[in-house]
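The next block holds one structure in the form of structure tokens; read it before the comments.
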Amino acid sequence: MQKYNPQKIEGKWQKEWDKSNIYKAEDFSKKKKFYCLIEFPYPSGAGLHVGHLRSHIAIDIVARKKRMDGYNVMYPIGWDAFGLPTENFAIKTKTHPKIVTKNNIKNFTRQIKSYGPSFDWSREINTTDPKYYKWTQWIFLKLFNSFYDEKSDKARDIKDLDIPKNLNDLEKREFIDNHRLAYETKMAINWCPSCKIGLANEEVVNNTCERCGAPAEKKTMRQWMLRITKYAERLIKDLDTVDYLDKIKTQQVNWIGRSEGATVKFAVKTSTELGSEISEPSSVEVFTTRPDTLFGCTYMVLSPEHNLIKSLESRILNLDEVQKYVEQAKNKSDLDRTDLAKEKTGVELKGIKAINPVNNEEIPIWVADYVLASYGTGAIMSVPAHDERDFEFAKKFGLEIKCVVDPIKFENVRNYIIIDKDGIQQCRGGTVVSWNPQNETIENGIERFLEEVRNGKHYHIGKGKLINSDFLNGLTTEEAKKKITKWLEKNNFGKKATNYKLRDWVFSRQHYWGEPIPIVKCEKCGNVALEKKDLPLELPEVKNYEPTDTGKSPLAKIDKWVNVKCPKCGKSAKRETDTMPNWAGSSWYYLRYLDSKNNQEFASQKNIKHWMPVDLYNGGMEHTTLHLLYSRFWHKFLYDLGFVNTAEPYKKRRSHGMILAEDGQKMSKSRGNTINPDEVIRQYGADTVRLYEMFMGPYSEAIPWNTNSLVGMSRFLERVCKLQIKVETRFIASKSIEPLLHKTIKKVTEDIDNLKFNTAISQLMIFLNSLEKEEKISATHYSQFLILLSPFAPHITEELWEMLGNQESIHLQSFPKYNLELIKEKEITLVIQINGKLRDQKKVPADISEENAKKLAFESVKIKKWIENKEIRKVIFVKERLVNIVI
RNA sequence: GCCGGGAUGGCGGAAUUGGUAUACGCGAUGGACUUAAAAUCCAUUGAAUUUAUACUUCAUGAGGGUUCGAGUCCCUCUCCCGGCACCA
49 MQKYNPQKIE GKWQKEWDKS NIYKAEDFSK KKKFYCLIEF PYPSGAGLHV
99 GHLRSHIAID IVARKKRMDG YNVMYPIGWD AFGLPTENFA IKTKTHPKIV
149 TKNNIKNFTR QIKSYGPSFD WSREINTTDP KYYKWTQWIF LKLFNSFYDE
199 KSDKARDIKD LDIPKNLNDL EKREFIDNHR LAYETKMAIN WCPSCKIGLA
249 NEEVVNNTCE RCGAPAEKKT MRQWMLRITK YAERLIKDLD TVDYLDKIKT
299 QQVNWIGRSE GATVKFAVKT STELGSEISE PSSVEVFTTR PDTLFGCTYM
349 VLSPEHNLIK SLESRILNLD EVQKYVEQAK NKSDLDRTDL AKEKTGVELK
399 GIKAINPVNN EEIPIWVADY VLASYGTGAI MSVPAHDERD FEFAKKFGLE
449 IKCVVDPIKF ENVRNYIIID KDGIQQCRGG TVVSWNPQNE TIENGIERFL
499 EEVRNGKHYH IGKGKLINSD FLNGLTTEEA KKKITKWLEK NNFGKKATNY
549 KLRDWVFSRQ HYWGEPIPIV KCEKCGNVAL EKKDLPLELP EVKNYEPTDT
599 GKSPLAKIDK WVNVKCPKCG KSAKRETDTM PNWAGSSWYY LRYLDSKNNQ
649 EFASQKNIKH WMPVDLYNGG MEHTTLHLLY SRFWHKFLYD LGFVNTAEPY
699 KKRRSHGMIL AEDGQKMSKS RGNTINPDEV IRQYGADTVR LYEMFMGPYS
749 EAIPWNTNSL VGMSRFLERV CKLQIKVETR FIASKSIEPL LHKTIKKVTE
799 DIDNLKFNTA ISQLMIFLNS LEKEEKISAT HYSQFLILLS PFAPHITEEL
849 WEMLGNQESI HLQSFPKYNL ELIKEKEITL VIQINGKLRD QKKVPADISE
899 ENAKKLAFES VKIKKWIENK EIRKVIFVKE RLVNIVI
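Using this note's numbering, you'd call the opening residue of the first sequence number 49 and step up by one each time.
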């Protein structure tokens, strides 16, 4: 008999699987392909986290089952190895990051192999390998050499760009540069003073650095940017074509932040007091989602960065005051600017006015930092009667509040929230109305509120009917939006417009340990891309990896590397010294697995066509607006250029919940509550840990770790081993166990497909409990049970399988099929209810007729007691379930 | 503030999508084995009432509703978790 002894057998089988290569994905097999993917790990010095295991094991179970279902399965692994922690460790220990990475990968490999996932190691990739990042650089250059063609709504080669004829060479170059999908710009970016690195918007969380938590500062720097905004619409729309967890979809949609409205152009009039002429008539464009409220616009606000302030300097009568305000705003960090949200500040631009195009009224122009330069046009029309922020501002500075949307007689009461004296909310949504039930009815409360809106004492952001709006009067909000937009377009005052919160991707980093950006900067030719034959542009050796405070990459110090000849004109030029962000290599790695050794292409078309798209992709929620969005963007770009055959890279995306520490907190070194997978595996064995991580709770939910519960899984496997004594080869399978077996096959099959591992395991336990009650067990039943269990516990099942006398690995067997006929129980428990309450139950044949069931119910002694002297109103029969007597 | 998701025993969690609530596991209690402990095995384990494993009543965050029947559907509220947030 086999005693459960994981330490003895697990290593043995891991070596055996390695040797026999049974998990290798076959290119161009006749079998149907299945590509499943986990986010490739970052090989940190800290080693593997139990959270890594959760996703690796889950997808491993799916991969193993799919193989047994006859699929040609690709389940690859690699290393996302560029990044700051490695660099910091290298600086601290004065070791080359290459060496650090190599050591970490070695450790990670050992750890990963120790729990037996069925990765195809032959396709292993590493983003820091020049053979890999050659193609990361190549894709970057493709972006550099492409523009977005709005007409065909896709990216195209920059050669196809229509360049206006009348431009001189310099202007031409500028024009082209302005259209590249990878472009350079000088802009204020978020800078982490602690990591000494620029951050993408997605990397700033609560105005702090996502990585280290230091408050982000604003720093104006020359930056490489990627025009992800051109893909905003498609990144939203194509979500309809993929199967992602709903929360992932909504998070991406919210991040991209599409809003529809209109742009409106306001003419600007300057006071003639100063006399000097203005060469061109000025105007300011704003973006609004509520063009219907244009008649209620009583002033306009510019962001402090708005260029109108500069261009009309000579016309602003209180220039000193304005400039002082602008200067102050500039010096505020984003943190301060948003922190001061409660109290709005601003200064009026005296001497200039804007003209409201609908009624030609002169309205004041203000500058205030509650208006963001980076969204819309950096200027807004203010409608204080119908916007909370504008209302607040207008109240503070005594500006006119003009109601143009009358909420009365429109839709229902749910446009407001009524608050009674005790502060209890009676209705949800819309605008808050306080209401005193002692001396007014709800209707009166609403009426009073409406009066307040009309008198400018309150704002109303909900819908309504237009008033004080000339030709819009009487229309509903929706109707008015349409009508005014048409009017604006007809009179050339504006047009329908869509805006996104998504910003272009800040792509430069000022660090050593990243892919060098393969661009040469020539005084004569501008930014010149390296040729494909010159790729990869390898990272040079450098004495000091330390980042600088100046915002220059350490690469800038290596003169020999920096000074090169321009590939175009041959004159001396300098290399770009910034490197790429750690998100670059991971934006396309799933494609490299398909053909990881190819030196001619990033992957051959043949392989891409065979394997794409990824059928199942699992990863953390924290990457929803980073990696997941970025890689969808790159994929779409490659799709536009014809390098990949699908518009989306991932057909199905799922997410695992975090594993919390036993105290319910997040695991962290500083809290000292981490669980080291090495130790748990050593103590309990890989199969036990695998089962536990899958059994601990629903896969997508966060669950605290509980070492106590591990023993339950250990006991389960021990009992599986013990069962061997009862197995008899010649024993004919007992029929009574058959329904449960097939029910178990069905449950396990469906649960694995739906990533509901906890209930699959529980069903296997139920089946085992039932097997244990048998005197003898047929080898067939035992074998089928082992196969069902094998994706979860590959080592022990392989061992027991071999002991049954099998030659071929259990992991090469077919997954059992269930027979619906056999699942049907012959006998069921019929539930008898009175008024829906359980009063009796009877064992009956499953196919009992309604008539017989009812008869049986009324015969029951227990039931008789209940229905005595009662009028029976109704009897309900549910097939194979219950009889309900209503009295 | 807005957008998601959630709340079921001492704990992690099940529940065929409206049909026996609490599966499975942990823990706990009692027993067997043992010199003893661990391990293992057996039994019990939502609460109340009760001599009782009988009967009954009450329990799925709170309150209401629909239904023969609600953890599940509808309305309102509370709390927790995640994301976004001066985005016009």
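Glycine is no exception: its CB is placed at the ideal position from the N, C-alpha and C atoms.
In angstroms with no decimal places, state the Cα-to-Cα distance between Q185 and I237.
-> Q185 and I237 have their alpha carbons spaced roughly 23 Å apart.
R730 by DSSP, collapsed to three states: which one?
-> Looking at R730 - three-state DSSP - the assignment turns out to be helix.
Are K317 and I403 touching if we call contact CB-CB under 8 Å?
-> The Cβ atoms of K317 and I403 sit closer than 8 Å to each other.
Complete beta strand (DSSP E) runs within the stretch 331–390 (minimum length 3 residues, chain order) | Fully enclosed beta strand (DSSP E) runs of no fewer than 3 residues occupy 331–336 and 347–350 of the stretch 331–390, in order along the chain.
Roughly how many whole angstroms lie between the Cα atoms of G344 and Q300?
-> When the Cα atoms are used, G344 and Q300 turn out to be separated by approximately 34 Å.
Contact between the stretch 109–117 and the stretch 565–574: three or more CB pairs below 8 Å?
-> Cβ pair count under 8 Å is below three, so no.
According to the neighbour-count rule (16 or more other Cβ atoms, all chains shown, within 10 Å of its Cβ), is S103 buried or exposed?
-> Its Cβ being crowded by 16 or more others within 10 Å, S103 is buried.
D454 bridges to which residues according to DSSP?
-> DSSP output for D454 lists K513 as bridge partner(s).
Quick one: what's got a C-beta closer than 7 Å to L886's C-beta in the same chain, skipping five residues either side?
-> The beta carbon of L886 is closer than 7 Å to those of V879 in its chain, skipping five residues each way along the sequence.
Quick one: grab the DSSP three-state call for V590.
-> Coil.
Would you identify the three-state DSSP class for S810, choosing helix, strand or coil?
-> Under the three-state reduction of DSSP output, S810 falls in the helix class.
Quickly, what does DSSP pair G884 with across the bridge? List them, please.
-> Answer is none; G884 lacks a bridge partner.
Could you check if N932 is buried or exposed, using at least 16 other CB atoms within 10 Å of its CB as the buried criterion?
-> When all chains shown are included, N932 counts as buried.
In whole angstroms, what separates the C-alpha of T828 from that of C769?
-> Between T828 and C769, the C-alpha separation is close to 16 Å.
Thinking just about the alpha-carbon of each residue, which of I105, I70 and D197 is nearest to the one in W169?
-> Of I105, I70 and D197, the residue nearest in Cα terms is I70.
R701 versus L664, S718 and F685, residue with shortest Cα-Cα distance | Among L664, S718 and F685, the Cα nearest to that of R701 is on L664.
Exposed or buried, what is E436 when buried is set at 16 or more other beta-carbons lying within 10 Å of its beta-carbon?
-> Answer is exposed; the Cβ neighbour count stays below 16.
Hey, would you say the C-beta of L789 is under 7 Å away from at least one heavy atom of the ligand FMN?
-> Inclusion of the ligand FMN in the displayed structure is not the case, the ligand content being empty and no account of it being possible.
Meets three-Cβ-pair contact criterion under 8 Å: the stretch 189–202 and the stretch 671–690 | Yes, the stretch 189–202 is in contact with the stretch 671–690.
Identify every run of the beta strand (DSSP E) within the stretch 795–883, keeping only runs that are complete inside it and at least 3 residues long; order them along the chain.
-> Restricted to the stretch 795–883, the beta strand (DSSP E) segments that are unbroken, complete and at least 3 residues in length are 875–882, listed in chain order.
Which residue from L868, R929 and I656 puts its Cα closest to that of H683?
-> The shortest C-alpha separation from H683 is found at I656.
Round the Cβ separation of Y866 and I793 to the nearest angstrom and send it over; I've been treating them as touching at under 8 Å.
-> Approximately 4 Å separates the beta-carbon atoms of Y866 and I793; this is inside 8 Å, confirming the contact.
Give the single residue among K600, S601, V590 and T598 whose Cα lies nearest to the Cα of K608.
-> Out of K600, S601, V590 and T598, the CA that lies nearest to the CA of K608 is found in V590.
CA-CA distance, W553 and D626?
-> A direct Cα-Cα distance of roughly 15 Å separates W553 from D626.
Ordered along the chain, which non-local residues of its own chain (more than five positions away) have a Cβ less than 8 Å from that of K918?
-> The residues are I935.
Note the first and the last residue of the continuous alpha helix (DSSP H) segment covering F195.
-> Counting along the chain, F195 falls outside any alpha helix (DSSP H), though it belongs to the beta strand (DSSP E) covering S194 to D197.
Under 8 Å Cβ to Cβ from F458, same chain only, skipping five residues before and after it: list those, please.
-> The pLDDT assigned to F458 is 37, lower than 50, so where the model puts this residue is not dependable; a value taken from the coordinates is nonetheless given after this. Same-chain partners within the cutoff: K511, G512, K513 and T524.
Among K922, M851, Q861 and G853, the one whose alpha carbon lies nearest that of I882 = That would be K922, whose Cα lies nearest to the Cα of I882.
Exposure label - Q713; buried when at least 16 CB within 10 Å = It counts as exposed.
Using a threshold of 8 Å, state whether the C-beta atoms of G641 and I173 are closer than that.
-> The sequence as given places Tyr at residue 641; Gly does not occur at that position. For Y641 and I173, yes; Cβs fall inside 8 Å.
Cα separation between M269 and N611?
-> Rounded to the nearest angstrom, the gap between the Cα atoms of M269 and N611 is 22 Å.
In chain order, what residues of the same chain have a beta carbon less than 6 Å from the beta carbon of V892, not counting five sequence neighbours either side?
-> If the five residues before and after V892 are omitted, its C-beta is found closer than 6 Å to the C-beta atoms of L878, all from its own chain and listed in chain order.
Neighbourhood of K378 by C-beta, 7 Å cutoff - its chain only, sequence neighbours within 5 removed = Taken in chain order, the residues that qualify are P352.
For H286, I'd like the list of residues in its chain whose CB is within less than 7 Å of its CB, leaving aside the five on either flank, ordered along the chain.
-> It is Asp, not His, that sits at residue 286 in the sequence shown. If you ignore the 5 residues before and after D286, its C-beta comes within less than 7 Å of the C-beta of A695 and E696, all in its own chain and listed in chain order.
Apply the 10 Å Cβ neighbour rule to D438 and answer buried if 16 or more other Cβ atoms are within range, or exposed otherwise.
-> Buried is the label assigned to D438, since at least 16 other Cβ atoms lie within 10 Å of its Cβ.
Looking at C-beta atoms only, is the number of pairs between the stretch 352–369 and the stretch 271–283 that lie closer than 8 Å three or more?
-> The stretch 352–369 and the stretch 271–283 do not touch, with fewer than 3 CB-CB distances between them shorter than 8 Å.
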